[in-house]
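Chains as they are written, first to last, in my numbering: chain A, 1 to 348; chain B, 349 to 696.
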DNA sequence: TTTCAACACGCAAACGTTTTCGAGACCTTT
DNA sequence: AAAGGTCTCGAAAACGTTTGCGTGTTGAAA
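Structure representation (structure tokens):
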């Protein structure tokens with residue numbers, strides 16, 4: 001049960017001063033070879049490692065990145081975390097994670113606690129609660145205190161800081177254009193309500209695709225789902241609304257869902273109603289997760305490269321942390337990739 | 349760009365000493381009401397919050413829990429993290445996350461770095477690399493330094509520390525017994541190689557169910573999959589091995605997979621070969637994740653309650669951190685739950 | 001007026017580092 | 001032998017807290 005060794009203990013044991021030990025371990029030329037050897041040997045014996053907390057206090061930097069995400073049981077976010085953690089580690093940083101659970105209050109609380117010295121900077125995706133409230137004072141305050149923030153995924157245009165986002169508009173536009181190119185004339189959209197930025201942009205992309213391809217778009221084919229439908233057990237009402245739409249509009253021959261669950265639910269409902277996928281109906285989802293891969297038939301989807309998002313975010317944050325220059329803020333827009341699988345008949 | 353306020357700044361500004369400010373903010377009776385009011389008001393104005401790092405150094409505790417898991421893009425592990433984070437937060441702790449990526453070296457490295465003062469204790473699930481190496485020196489050393497560890501999921505019997513595990517044996521025994529009860533005579537098992545403890549136990553449960561129910565078990569119906577099959581693109585060889593088994597043994601009328609992907613792959617292969625689920629073939633998987641819920645037909649599976657595991661682990665760790673008593677180590681065994689869905693015909 | 005408590009506050013140490021600066025010991029040079 | 005120069009090391013400050021103890025001021029009691 002021996003506790004961690006400290007400089008003082010080594011110094012006392014060897015009859016030298018603390019500073020001598022410190023210098024010896026850092027290989028300073030100030031200390032004689034003989035002493036250095038003796039000290040390093042003894043330190044190795046005791047498994048000495050400098051105390052991070054003391055270092056953080058002295059250097060006024062923790063080498064830790066704070067990450068706040070709405071939830072972690074979620075393929076996309078855990079992929080981003082994976083990217084963040086891996087790259088941060090390569091750069092010698094640790095990652096402190098906090099969950100907002102989509103709640104404004106928890107987001108504020110977490111930012112407050114972490115900002116009190118625990119971390120050097122934030123990477124975060126704002127909660128839906130925050131987006132609803134439109135209250136960003138906690139973010140402003142943090143930035144004003146000189147702590148850098150990198151936002152990812154969920155955008156807040158009015159906040160000036162580094163951002164890394166996905167080109168939701170282009171991604172969904174291309175997906176819908178691909179559907180049109182594959183012969184779909186009546187494409188249903190299953191989307192969220194507009195206050196979530198990414199849902200809004202994906203809807204815009206859907207609309208734009210129609211405009212550009214000169215296809216009429218029927219507003220009745222847009223299903224706006226309340227977010228509550230995302231909670232596990234609320235799949236039933238979602239599916240019944242989808243079924244309703246199919247009954248009203250049997251002409252539907254394509255589905256674009258702004259996330260995996262919506263697309264998959266659309267596909268399942270259609271299958272149960274007798275539609276053949278992809279012959280009668282083609283389906284594309286946004287976010288390429290484990291569900292798309294393992295669905296039957298497997299789901300064509302728009303891949304977001306979550307790990308790259310994390311990687312980019314870390315890179316932007318560390319650049320700002322380690323350079324004194326307060327350059328202009330950047331917004332990195334990452335392109336998506338359309339992964340084709342069995343739920344569509346794209347020629348390519 | 350004002351930096352964080354410190355006690356010293358407040359003291360200087362108000363012409364009092366640092367200790368007066370500190371005591372006033374803590375509501376000490378030593379300080380007069382008048383001064384206390386003045387100080388708290390000014391501190392509020394400056395958004396003063398005590399520096400966590402300084403507190404950690406002084407108190408020799410960081411109020412941070414280190415979590416090391418093999419990977420995070422994984423439904424089970426992210427559920428555990430969710431449980432850990434939520435409960436730790438309630439208790440006033442933060443969570444530092446590190447990923448081993450199933451590598452022994454990364455696990456050792458992460459433990460070493462985090463153990464140097466950054467955290468108060470560990471919650472971890474050991475990597476496959478560590479299990480292969482059978483080298484646990486890093487864990488022993490950490491424990492010897494007086495830093496508590498709670499292991500979860502992946503067991504290491506020879507290490508004495510607190511553990512929280514799932515009753516894999518019972519869970520799979522009951523699942524297989526349910527299959528037998530529902531009329532299955534020839535149940536295939538898709539499992540991992542034996543060095544992973546949980547895979548081994550689930551296999552044992554499968555065997556025991558046969559023994560107890562007096563059903564003959566055919567060793568040819570056990571498919572041992574190399575772990576590489578878990579990497580995304582290696583589903584194809586997995587599926588072809590499953591198909592092979594079906595061709596050789598058309599009598600198969602039940603499948604038990606030790607994880608979601610195995611069970612789902614088994615079901616998909618069977619569906620493609622014309623089997624009707626659950627009429628011709630019933631399927632049960634271990635780990636109740638998003639795949640099971642959204643599969644078509646949805647998959648009956650053994651639910652592990654990942655969040656509870658995280659919760660229990662935090663509870664054990666904090667109990668050890670906050671009580672001086674070094675009581676005996678405990679192993680908490682959590683029971684599983686058989687969640688019935690469309691892939692089986694269990695009467696219950 | 002002296003004495004003594006109560007009150008209000010400041011000093012200083014401690015947590016474990018790093019780093020600047022100064023100082024003693026020894027050696028070389030004149 | 002004195003002066004100067006190298007080596008080798010130690011003292012102390014600093015990072016931001018908390019806290020035990022000392023101290024000065026006040027008021028009241030003797």
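Note that beta-carbon positions come from the ideal geometry of N, C-alpha and C, so glycine has one too.
Classification of residue i by the beta-carbon crowding that lies within 10 angstroms, buried from 16 upward
i                      : result
residue 291 of chain A : buried
residue 449 of chain B : buried
residue 521 of chain B : buried
residue 288 of chain A : buried
residue 668 of chain B : buried
residue 301 of chain A : buried
residue 3 of chain A   : exposed
residue 689 of chain B : buried
residue 177 of chain A : buried
residue 198 of chain A : buried
residue 114 of chain A : buried
residue 236 of chain A : exposed
residue 148 of chain A : buried
residue 281 of chain A : buried
residue 52 of chain A  : buried
residue 36 of chain A  : buried
residue 367 of chain B : exposed
residue 168 of chain A : buried
residue 179 of chain A : buried
residue 596 of chain B : exposed
Whether residue i touches residue j by CB criterion (9 Å)
i                      : j                      : result
residue 589 of chain B : residue 544 of chain B : no
residue 510 of chain B : residue 621 of chain B : no
residue 538 of chain B : residue 610 of chain B : yes
residue 606 of chain B : residue 692 of chain B : no
residue 661 of chain B : residue 500 of chain B : yes
residue 209 of chain A : residue 246 of chain A : no
residue 82 of chain A  : residue 420 of chain B : yes
residue 598 of chain B : residue 625 of chain B : no
residue 164 of chain A : residue 23 of chain A  : no
residue 406 of chain B : residue 468 of chain B : no
residue 388 of chain B : residue 373 of chain B : yes
residue 286 of chain A : residue 175 of chain A : yes
residue 75 of chain A  : residue 306 of chain A : yes
residue 94 of chain A  : residue 466 of chain B : yes
residue 498 of chain B : residue 457 of chain B : no
Candidates the options: closest to residue i by CA position
i                      : options                       : result
residue 7 of chain A   : A/332, A/127 and A/43         : A/43
residue 479 of chain B : B/470, B/497, B/469 and B/452 : B/452
residue 413 of chain B : B/454, B/437 and B/626        : B/437
residue 336 of chain A : A/202, A/95 and A/116         : A/202
residue 134 of chain A : A/149, A/147 and A/158        : A/158
residue 476 of chain B : B/418, B/571 and B/554        : B/418
residue 80 of chain A  : A/125, A/243 and A/239        : A/125
residue 346 of chain A : A/207, A/329 and A/182        : A/182
residue 67 of chain A  : A/294, A/111 and A/29         : A/111
residue 358 of chain B : B/398, B/377 and B/378        : B/398
residue 674 of chain B : B/388, B/491, B/612 and B/402 : B/491
residue 46 of chain A  : A/13, A/234, A/107 and A/54   : A/13
residue 216 of chain A : A/224, A/108 and A/185        : A/185
residue 535 of chain B : B/548, B/642, B/456 and B/554 : B/554
residue 612 of chain B : A/294, A/254 and A/17         : A/294
residue 328 of chain A : A/160, A/234 and A/171        : A/160
Under 8 Å, CB to CB, which of the residues in the region 379–399 of chain B have a partner in chain A?
395, 397, 398 and 399
Can you list, in chain order, the residues of the region 630–660 of chain B whose Cβ is nearer than 9 Å to any Cβ on chain A? 637, 638, 639, 641, 642, 643, 644, 654 and 655
| query | Using Cβ-Cβ distances below 8 Å, what residues of the region 474–488 of chain B are close to chain A? | reply | none
TODO: Check each residue of the region 239–262 of chain A: if its Cβ is closer than 9 Å to any Cβ of chain B, include it; give the result in chain order.
DONE: Taking 9 Å as the Cβ-Cβ cut-off against chain B, the residues of the region 239–262 of chain A that qualify are 260 and 261.
Counting only runs that start and end within the region 267–295 of chain A, where is the beta strand (DSSP E) found for 3 or more residues in a row? 282–286
**Report entry** Every unbroken alpha helix (DSSP H) inside the region 476–507 of chain B [4 residues or more]
**Finding:** 476–481 and 485–492
Exercise. Where are the beta strand (DSSP E) runs, 3 residues long or more, that stay fully inside the region 371–456 of chain B, in chain order?
Worked result: Within the region 371–456 of chain B, the beta strand (DSSP E) runs of at least 3 residues that lie entirely inside it are, in chain order, 412–417 and 442–447.
Fill in: Within 8 Å of chain B by C-beta, residues of the region 73–98 of chain A in sequence order
73, 74, 75, 78, 79, 81, 82, 85, 86, 89, 94, 95, 96, 97 and 98
Can you list, in chain order, the residues of the region 349–361 of chain B whose Cβ is nearer than 7 Å to any Cβ on chain A? Listed by position along the chain: 349, 350, 351 and 352.
I'd like the ranges of any alpha helix (DSSP H) spanning at least 4 consecutive residues and lying wholly in the region 543–575 of chain B. 545–561
Worksheet item: According to a CB-to-CB cut-off of less than 8 Å, which residues of the region 491–507 of chain B neighbour chain A?
Response: 492, 493 and 494
Inset, instruction - Could you run through the region 200–215 of chain A and flag, in chain order, every residue whose CB is less than 8 Å away from some CB of chain B? - result: Cβ contacts with chain B: none found.
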